[in-house]
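Student: Start counting at 1 in the sequence shown, then tack on 7, and there's your number in the numbering used here.
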Amino acid sequence: METIASNPNLPSYLRVLPQYRVILCITHGSCYTHHNLDRHLRDKHRVPSYQRQQIEQSNELQSVARTSGGVVQPADGSSEVSRLPTVRGFLCHHPNYLFRTTSTDQIRKHYNQKHQ
8 METIASNPNL PSYLRVLPQY RVILCITHGS CYTHHNLDRH LRDKHRVPSY QRQQIEQSNE
68 LQSVARTSGG VVQPADGSSE VSRLPTVRGF LCHHPNYLFR TTSTDQIRKH YNQKHQ
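(1) Evaluate Tyr104 with the Cβ neighbour count: other Cβ atoms within 10 Å of its Cβ, from every protein chain shown; 16 or more gives buried, anything less gives exposed.
(2) If we count the other Cβ atoms within 10 Å of its Cβ and call it buried at 16 or more, is Leu98 buried or exposed?
(3) I need the DSSP call for Tyr57, collapsed to helix, strand or coil.
(4) Give the list of continuous beta strand (DSSP E) stretches no shorter than 3 residues that lie fully inside the region 27-82.
(5) So Arg22 is in the beta strand (DSSP E); what residue range does that whole segment cover?
Take a look at the structure:
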């Protein structure tokens with residue numbers, strides 16, 4: 008299991024995962040980019056606006072992706088990330104498709120559209 012060090016310049020519940028380009032909230036077991044961190048801090052932690060700005064502008068977040076398109080997905084078979092829950096899901100093993108989902112409906116839809 009991968010361990011994560013805390014950072015004294017961030018709230019104790021936030022951890023930067025530079026290898027994945029996200030920030031982990033250990034309270035909620037979820038990861039965020041710059042795009043959705045502000046909303047999470049406002050809605051879930053009730054962090055005031057001026058503090059959210061300080062967090063988002065801190066040097067510690069330089070490696071964090073702006074949007075989900077910049078996130079680095081862990082390689083298949085990677086060890087679990089500490090404090091991030093493991094979610095069961097489905098993977099299409101066809102070499103021409105990289106499709107993953109946690110939804111049985113979505114994997115069925117993918118199969119019916121791409122493999123029938």
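Cβ coordinates follow ideal geometry from the N, Cα and C atoms, glycine included.
In this text, all values refer to a predicted model and were calculated from it rather than measured experimentally.
Tutor: The short version:
(1) If you number the sequence shown from 1, residue 104 lands on position 97. Around the CB of Tyr104, fewer than 16 other CB atoms lie within 10 Å, so the residue is classed as exposed.
(2) Within the sequence shown, residue 98 is the residue found at index 91, counting from 1. By the 10 Å Cβ count, Leu98 comes out exposed.
(3) Translated into the one-based positions of the sequence shown, residue 57 becomes position 50. Correct three-state label for Tyr57: helix.
(4) 29-32 and 37-39
(5) Within the sequence shown, the letter at position 15 stands for residue 22. Arg22 -> beta strand (DSSP E) spans Leu21 to Leu24.
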